[in-house]
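Chains as they are written, first to last, in the numbering used here: chain C, 1 to 171; chain F, 1001 to 1276. To start, the structure itself, in structure tokens.
This is how it looks when you write it as structure tokens:
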């Protein structure tokens, strides 16, 4: 019960952060803000993939609805990212990390590992995001600057949010 | 139940993922014109490629029937051609000779068993005595000589394949007109050797080799192959490696050559030899 509560807290707080960042501040066409993937990264370890997918769907739909983007765009990218989550986490983490049901955040993984984990997940998310946005690889080259800038900024933002919101709270 | 088998669990995950993804893509298509156009374009492409694939498959399964139709047509055409050739030959000597008996007629047949990997290869076809096949008849395909009928049963015939080191075919090289025996050396089923061509005759690589028509077995002008490499034997004769047109591995349909004037010719030869 405590676990579900913490998941809900992180769901709503990240949704709020995402809405505030992308809705209230205009960053121009070269940057899209995506902080909400942090929610999927930090779902407790050993969450079944089905559950992760359902959470991702809920998160994506909520973000799409509240941030005036194309309905379903964030959802599809987030779903693909969620499918890869256990795999990437296994690759990044130590073996012992998989045993207990912790929240894989900055405090638990350490800075380097968390940054790497976030970066890989964000690359997956952003590549699929831009693919779904332009429906194919036709504009992929033109999207590259946007992709790089967004990945860099979002990784930075996610580490910042993780540090600011959850680092001390969860410790 | 879902928890027990990892395969079922994986399957459930994939189904869940795909259904959620489809829902989100449907949402996208509902919401934005650009994506809708792209998605319907991709769907159209998918649909058209599937329909073209099915039509390919249908075409493939119709091939057998088509092959048989073509085979019969080929045979008829060949008989007509033979008839006309004989007519043309007769025309200068015998005016108004109407009922012409063609030199060669053909019996189409299907190969039942075939080998290419031995030194003495044999072929069995599904035509026999009942269909008019006799011993020592030649067997050809449109692009080469196949062999000679060695024994006949009521419905089947046993053919000594051209890929047999004891076999040879009298061959002629175009455009020089030189001729010699073409035989198989027992190595690759793609190559045969043409020997006994005098050294002074000029032949170039790529020249086409046909049957000469000097035997009673095969009609003239059946294409056999192209010259690939030449060597000189004893300083007096050429020996050519010939790339055969016929791929014996994929051979399915052949024609048995019936020489209608064979008896007459043989009898004539015998009489003359006896006289001598």
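Just so you know, even glycine gets a beta-carbon here, dropped at the ideal spot from N, CA and C. Note that the structure is a prediction, hence the values are computed from the model and not measured.
Minimum Cβ-Cβ distance from residue i to chain F less than 8 Å
| i | result |
| --- | --- |
| residue 57 of chain C | yes |
| residue 131 of chain C | no |
| residue 83 of chain C | yes |
| residue 159 of chain C | no |
| residue 39 of chain C | no |
| residue 53 of chain C | yes |
| residue 35 of chain C | no |
| residue 1 of chain C | Reliability of the predicted coordinates at residue 1 of chain C is poor, the pLDDT of 45 falling under 50, and the value obtained from them is presented with this limitation in mind. It does not; no Cβ of chain F falls within 8 Å. |
Amino acids of chain F, ordered along the chain, whose beta-carbon sits closer than 9 Å to that of residue i
| i | result |
| --- | --- |
| residue 71 of chain C | 1024, 1027, 1028, 1030, 1031 and 1032 |
Those residues which DSSP pairs with residue i across a bridge
| i | result |
| --- | --- |
| residue 1238 of chain F | F/1197 and F/1232 |
| residue 1259 of chain F | F/1104 |
| residue 1211 of chain F | F/1171 |
| residue 155 of chain C | Note: residue 155 of chain C sits in no beta bridge, so no partner. |
| residue 1178 of chain F | None; residue 1178 of chain F has no bridge partner. |
| residue 1223 of chain F | F/1210 |
| residue 1191 of chain F | F/1243 |
| residue 20 of chain C | DSSP output for residue 20 of chain C lists no bridge partner at all. |
| residue 1158 of chain F | F/1124 and F/1151 |
| residue 1253 of chain F | F/1110 |
| residue 1145 of chain F | F/1140 |
| residue 1183 of chain F | F/1168 and F/1193 |
Cα-Cα separation between residue i and residue j, rounded to whole angstroms
| i | j | result |
| --- | --- | --- |
| residue 1241 of chain F | residue 1043 of chain F | 54 Å |
| residue 1246 of chain F | residue 1145 of chain F | 8 Å |
| residue 1182 of chain F | residue 1196 of chain F | 9 Å |
| residue 1133 of chain F | residue 1041 of chain F | 60 Å |
| residue 87 of chain C | residue 81 of chain C | 10 Å |
| residue 201 of chain C | residue 155 of chain C | Limits of chain C in this structure are 1 at one end and 171 at the other, which puts residue 201 of chain C out of reach. |
| residue 1248 of chain F | residue 1131 of chain F | 24 Å |
| residue 1261 of chain F | residue 1129 of chain F | 19 Å |
| residue 1186 of chain F | residue 1060 of chain F | 34 Å |
| residue 1106 of chain F | residue 1266 of chain F | 20 Å |
| residue 1033 of chain F | residue 135 of chain C | 12 Å |
| residue 1047 of chain F | residue 1029 of chain F | 18 Å |
| residue 145 of chain C | residue 1189 of chain F | 59 Å |
| residue 20 of chain C | residue 43 of chain C | 22 Å |
| residue 90 of chain C | residue 1008 of chain F | 21 Å |
| residue 70 of chain C | residue 93 of chain C | 34 Å |
| residue 1158 of chain F | residue 1109 of chain F | 12 Å |
| residue 1064 of chain F | residue 1156 of chain F | 21 Å |
| residue 1088 of chain F | residue 1139 of chain F | 25 Å |
| residue 1274 of chain F | residue 1251 of chain F | 42 Å |
| residue 49 of chain C | residue 113 of chain C | 22 Å |
| residue 1258 of chain F | residue 1078 of chain F | 12 Å |
| residue 6 of chain C | residue 140 of chain C | 38 Å |
| residue 110 of chain C | residue 85 of chain C | 18 Å |
Chain C contact for residue i (CB, 8 Å cutoff)
| i | result |
| --- | --- |
| residue 1016 of chain F | yes |
| residue 1080 of chain F | no |
| residue 1241 of chain F | no |
| residue 1035 of chain F | yes |
| residue 1007 of chain F | no |
Per-residue contacts from residue i into chain C (C-beta, under 8 Å)
| i | result |
| --- | --- |
| residue 1021 of chain F | 76, 79 and 80 |
| residue 1012 of chain F | 50 |
Residue i: contacting residues in chain F (beta-carbon distance under 8 Å)
| i | result |
| --- | --- |
| residue 121 of chain C | Simply none; closest approach about 16 Å. |
| residue 60 of chain C | 1024 |
Contacts of residue i in chain C (Cβ-Cβ under 7 Å)
| i | result |
| --- | --- |
| residue 1039 of chain F | 135 |
Residues that residue i contacts on chain C, provided the C-beta gap is smaller than 9 Å
| i | result |
| --- | --- |
| residue 1075 of chain F | Within 9 Å Cβ-Cβ: nothing; residue 1075 of chain F doesn't reach chain C, min ~53 Å. |
**Request:** Decide yes or no for the touch test of the region 1018-1031 of chain F against the region 67-79 of chain C: beta carbon pairs closer than 8 Å, at least 3 of them.
**Result:** yes
**Asked** Is it a yes or a no for the region 1224-1232 of chain F touching the region 1118-1135 of chain F, going by three-plus beta-carbon pairs under 8 Å?
**Response** no
**Asked** Between the region 1136-1151 of chain F and the region 1204-1220 of chain F, are three or more C-beta pairs nearer than 8 Å?
**Response** yes
**Prompt:** On the three-pair Cβ rule with 8 Å, is the region 24-36 of chain C touching the region 151-165 of chain C?
**Reply:** yes
**Asked** Would you say the region 34-54 of chain C touches the region 100-113 of chain C, given that touching needs at least three Cβ pairs under 8 Å?
**Response** yes
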